[in-house]
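The structure under discussion appears below in the form of structure tokens.
2 protein chains.
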Amino acid sequence: MRSGAKAGNGKDAGKNTGKLAMRSVERVTLRDVARRAGVSEISVSRVMRQTPNISDALRLKVTEAADALGYTPNRVAGALKTATSNLVAVVLPSMSNEVFPQVLDGIESVLSGHGLCPVLGITQYDDDRELEVVRELLSWSPVGVILTGLNQSDAIKRMLAQHTIPVVQIMDVEGDPLHAAVGIAHGKAAREAADLLIDKGYRRPAYIGAWSERPSRSRIRRQAFEARLSERGFPLVAAHISPAQSSVETGVAVTAMLLAEHRDVDVIFYANDDLAMGGMFHCMSSGISVPNDVGLLASTESISVKPHRLNLPPS
Amino acid sequence: MRSGAKAGNGKDAGKNTGKLAMRSVERVTLRDVARRAGVSEISVSRVMRQTPNISDALRLKVTEAADALGYTPNRVAGALKTATSNLVAVVLPSMSNEVFPQVLDGIESVLSGHGLCPVLGITQYDDDRELEVVRELLSWSPVGVILTGLNQSDAIKRMLAQHTIPVVQIMDVEGDPLHAAVGIAHGKAAREAADLLIDKGYRRPAYIGAWSERPSRSRIRRQAFEARLSERGFPLVAAHISPAQSSVETGVAVTAMLLAEHRDVDVIFYANDDLAMGGMFHCMSSGISVPNDVGLLASTESISVKPHRLNLPPS
DNA sequence: ATTGAGATTGGTAACGTTGTCAATACAAAT
DNA sequence: ATTTGTATTGACAACGTTACCAATCTCAAT
Numbered sequence: 207m208r209s210g211a212k213a214g215n216g217k218d219a220g221k222n223t224g225k226l227a228m229r230s231v232e233r234v235t236l237r238d239v240a241r242r243a244g245v246s247e248i249s250v251s252r253v254m255r256q257t258p259n260i261s262d263a264l265r266l267k268v269t270e271a272a273d274a275l276g277y278t279p280n281r282v283a284g285a286l287k288t289a290t291s292n293l294v295a296v297v298l299p300s301m302s303n304e305v306f307p308q309v310l311d312g313i314e315s316v317l318s319g320h321g322l323c324p325v326l327g328i329t330q331y332d333d334d335r336e337l338e339v340v341r342e343l344l345s346w347s348p349v350g351v352i353l354t355g356l357n358q359s360d361a362i363k364r365m366l367a368q369h370t371i372p373v374v375q376i377m378d379v380e381g382d383p384l385h386a387a388v389g390i391a392h393g394k395a396a397r398e399a400a401d402l403l404i405d406k407g408y409r410r411p412a413y414i415g416a417w418s419e420r421p422s423r424s425r426i427r428r429q430a431f432e433a434r435l436s437e438r439g440f441p442l443v444a445a446h447i448s449p450a451q452s453s454v455e456t457g458v459a460v461t462a463m464l465l466a467e468h469r470d471v472d473v474i475f476y477a478n479d480d481l482a483m484g485g486m487f488h489c490m491s492s493g494i495s496v497p498n499d500v501g502l503l504a505s506t507e508s509i510s511v512k513p514h515r516l517n518l519p520p521s
Numbered sequence: 207m208r209s210g211a212k213a214g215n216g217k218d219a220g221k222n223t224g225k226l227a228m229r230s231v232e233r234v235t236l237r238d239v240a241r242r243a244g245v246s247e248i249s250v251s252r253v254m255r256q257t258p259n260i261s262d263a264l265r266l267k268v269t270e271a272a273d274a275l276g277y278t279p280n281r282v283a284g285a286l287k288t289a290t291s292n293l294v295a296v297v298l299p300s301m302s303n304e305v306f307p308q309v310l311d312g313i314e315s316v317l318s319g320h321g322l323c324p325v326l327g328i329t330q331y332d333d334d335r336e337l338e339v340v341r342e343l344l345s346w347s348p349v350g351v352i353l354t355g356l357n358q359s360d361a362i363k364r365m366l367a368q369h370t371i372p373v374v375q376i377m378d379v380e381g382d383p384l385h386a387a388v389g390i391a392h393g394k395a396a397r398e399a400a401d402l403l404i405d406k407g408y409r410r411p412a413y414i415g416a417w418s419e420r421p422s423r424s425r426i427r428r429q430a431f432e433a434r435l436s437e438r439g440f441p442l443v444a445a446h447i448s449p450a451q452s453s454v455e456t457g458v459a460v461t462a463m464l465l466a467e468h469r470d471v472d473v474i475f476y477a478n479d480d481l482a483m484g485g486m487f488h489c490m491s492s493g494i495s496v497p498n499d500v501g502l503l504a505s506t507e508s509i510s511v512k513p514h515r516l517n518l519p520p521s
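Protein chains in written order, with my numbering: chain S, 207 to 521; chain X, 207 to 521.
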């Protein structure tokens with residue numbers, strides 16, 4: 207597969223004398239730039255890194271030589287020496303749920319503003335895979351890790367403890383973060399949703415979920431929702447959790463089924479956006495008026511942040 | 207901001223004697239594992255890499271020591287030595303358009319099956335940013351690069367020419383790829399769409415786009431669509447390209463506006479899924495029957511692949 | 001002129017790994 | 001017993017960069 211790389215290492219001694227760099231087999235290094243500029247390697251390094259206290263003369267010589275040679279710094283070497291990088295490990299469970307691309311988009315835009323690069327790992331909600339992914343990403347000495355959810359396996363926590371980099375856990379804040387958590391208080395949000403529905407006068411609520419509730423966060427939302435409804439005296443009239451993957455189509459199908467079986471339902475709480483969108487489609491195409499005939503609710507977001515807890519030894 | 211990392215480097219000389227690794231300040235290296243296992247560093251390296259010709263005795267000693275110390279290989283050092291990595295640079299213009307998360311999902315799943323990691327860069331459709339992103343990602347010695355579209359700037363092409371890694375350009379195949387292209391033949395697809403509509407009997411087609419047609423691919427689709435319609439004798443009746451960002455809401459609004467102004471339109475071709483979904487919503491909520499009153503079409507995908515052209519010097 | 005405090009440059013030695021070349025062990029073939 | 005071959009292990013030197021000391025050099029104050 208990766209053959210062909212054995213490219214003839216032979217006689218490439220000819221210097222680039224022209225202006226445009228020819229295809230160079232050997233990588234252009236600091237040494238090459240230094241030689242061409244007639245300065246030391248370390249000086250080139252400093253110019254490239256914008257270190258303070260560089261004379262204009264030196265800077266000029268170096269940038270000229272670097273441009274001429276088409277020099278690209280080798281961060282791998284730099285990272286080895288400094289034991290840091292500009293990489294941030296980002297571990298997400300999936301890209302199918304619409305929320306994760308959005309989250310990733312946000313992560314990327316903030317990171318890139320700080321000169322950092324996200325390295326992506328996707329676990330497919332599989333704990334073993336998550337361990338592998340984290341191990342893989344940690345081997346690149348990232349400066350930080352972003353994980354999804356608060357309940358990583360002990361193996362992962364142990365592995366993270368070997369490093370001193372900050373860990374941010376996203377999507378959930380109801381629990382104990384390793385360092386910091388940013389996300390949704392799912393239980394609180396679901397209770398607020400229940401309160402909202404009841405306060406609005408709905409009395410016969412139903413719930414629709416999908417895909418065996420893989421992200422445990424959706425299970426937490428459902429349970430909190432259910433519990434709060436019961437507390438308030440208006441328990442769930444119906445609930446259907448489809449084994450199918452969450453999607454607009456699933457939302458259409460399950461909504462149709464549920465409303466057919468339970469004509470008295472007056473509001474439906476959906477596990478996520480896709481399903482709710484499907485519900486909306488079903489109602490629109492069936493002449494069911496929303497929210498007059500049936501109310502639809504996808505989620506109440508109540509984002510909060512747990513501040514970074516410094517990782518100090520218990521004193 | 208990134209303070210606090212200056213953590214006391216002091217007296218942590220105590221060996222890990224317990225079973226659970228304590229927070230170790232120093233990184234565990236091959237050397238540590240080797241010492242503990244009573245073998246050479248290179249042997250540890252070989253065991254970790256599953257090199258052939260290793261005795262079971264050695265393998266056992268090494269894995270035992272590695273587990274005990276919680277060793278994680280340092281790929282940065284490995285990458286420096288071997289001048290290769292398991293990273294693949296992935297450069298996308300955006301995460302907002304639903305297609306890119308899907309593409310990224312596909313990329314990640316295939317890559318991870320081969321032990322590769324995507325490193326992500328997002329350009330926001332900005333050529334300067336694309337150059338920066340590519341430079342940044344190349345500095346990590348990826349084994350390959352995935353770019354979006356076929357029209358990168360010359361600066362980028364020159365930079366890529368410095369390396370010998372394969373470049374895959376996605377989303378478009380109508381043009382000359384650097385090495386290989388995988389994507390949609392946009393012009394062909396749009397012409398087929400035009401044919402399809404006319405063959406189905408539609409006679410008064412309209413077009414809806416958004417966001418100033420930022421990805422030039424959508425402009426290509428529109429132009430090809432328009433041209434083909436004219437060829438067939440049924441030119442566009444109306445077109446509206448919203449300055450707003452493409453979204454379901456924009457789709458609703460623009461569809462409403464267009465249908466109000468042009469009651470005779472019998473089919474609408476949308477620049478993308480989001481807009482079409484908005485159009486669908488508008489029709490459903492306005493009692494317009496699809497496809498009886500108006501037909502809606504988002505895209506005809508006609509994926510093709512240009513095979514890898516080996517990067518040989520002209521002979 | 002002399003001194004001293006920056007500012008500016010360079011030399012050297014790592015960082016943790018792996019390719020290359022040897023060295024050893026051990027079995028099979030003579 | 002000797003040779004040959006193969007399986008297994010090790011020593012050493014890089015990979016390209018940067019941290020850590022020096023070594024100059026400049027310029028103003030003594």
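The beta carbon of each residue, even a glycine, is placed where N, CA and C say it ideally should be.
Keep in mind it's a predicted model, so treat the numbers as computed, not measured.
The secondary-structure analysis by DSSP pairs LEU503/X across a beta bridge with PHE475/X.
The three-state secondary structure of ASP378/S, taken from DSSP, is strand.
The distance from the Cβ of LEU384/X to that of LYS406/X is about 39 Å, inconsistent with a contact at the 8 Å cut-off. Checking the DSSP bridge columns, you'll see CYS323/S partnered with LEU293/S. Chain S has a Cβ within less than 9 Å of the Cβ of LEU343/X.
Check the Cα spacing between VAL500/X and each of ASP480/X, LEU464/X, ALA243/X: the tightest is with LEU464/X. With contact defined as three or more Cβ pairs closer than 8 Å, the region 371-379 of chain S and the region 349-366 of chain X are not in contact. For the alpha helix (DSSP H) assignment, the uninterrupted runs of no fewer than 4 residues enclosed by the region 415-458 of chain X are, from N- to C-terminal side, 422-437.
Residues of the same chain with a CB within less than 6 Å of the CB of LEU343/S, apart from the 5 flanking positions on each side, are ALA295, VAL325, GLY327 in chain order.
Remark: three or more beta-carbon pairs, one from each stretch, lie closer than 8 Å, so the region 396-412 of chain S and the region 468-478 of chain S are flagged as touching. Here PRO307/X carries a helix assignment [DSSP, helix/strand/coil].
For SER422/S, not one C-beta of chain X is nearer than 9 Å to its own C-beta.
Between the C-alpha atoms of GLN256/S and ALA430/X there is a straight-line separation of about 48 Å.
By the Cβ criterion, the region 244-256 of chain X is not in contact with the region 239-259 of chain S, since fewer than three pairs of Cβ atoms, one from each stretch, lie closer than 8 Å. Per DSSP, the beta-bridge partners of LEU298/X are ILE328/X. Cα atoms of ASP273/X and ILE390/S: separation of roughly 36 Å, rounded to the nearest angstrom. In the displayed model, GLY276/X falls within coil according to three-state DSSP, outside both helix and strand.
With respect to chain S, the C-beta atom of GLY327/X has a partner C-beta closer than 9 Å.
Under DSSP, ILE352/X takes part in a beta bridge, and its partners are VAL296/X, VAL374/X. Counting C-beta pairs closer than 8 Å gives fewer than three between the region 305-321 of chain S and the region 272-290 of chain S, which falls short of the contact rule.
Note that the C-beta distance between GLY393/S and ARG427/S is below 9 Å. The residue from ASP480/X, VAL471/X, LEU481/X with its alpha-carbon nearest to that of PRO497/X is VAL471/X.
Annotation: the continuous alpha helix (DSSP H) that includes SER249/X extends over 247-254. Taking the CA atoms as reference points, ALA445/S sits about 17 Å from ILE404/S.
One thing to note: ARG434/X has its Cβ within 9 Å of the Cβ of ASP401/X. Distance from the Cα of GLU232/S is smallest, within the candidate group GLU398/S, GLU314/S, TYR277/S, for TYR277/S. At least one CB of chain X lies nearer than 9 Å to the CB of ARG281/S. The beta-carbon of ASN478/S is placed no less than 9 Å from the nearest beta-carbon of chain X. Considering only GLY439/S, GLU398/S, ARG341/S, the residue with the shortest C-alpha distance to HIS369/S is ARG341/S. The Cβ atoms of LEU337/S and MET365/S lie closer than 9 Å to each other.
Taking 9 Å as the threshold, the shortest C-beta distance from PHE431/X to chain S does not fall below it. About 19 Å separates the CB atoms of TRP346/S and VAL239/X; that is not less than 8 Å, and the two are not in contact. By the rule that beta-carbons nearer than 9 Å mark a contact, MET365/X touches chain S. LEU344, SER345, TRP346, SER347, VAL349: these are the residues of the region 344-361 of chain X whose beta carbon lies less than 9 Å from some beta carbon of chain S, given in chain order. Within the region 373-406 of chain S, no residue places its CB atom closer than 8 Å to a CB of chain X.
Within the DSSP bridge table, the entry for TYR413/S names ALA445/S, PHE475/S as partners.
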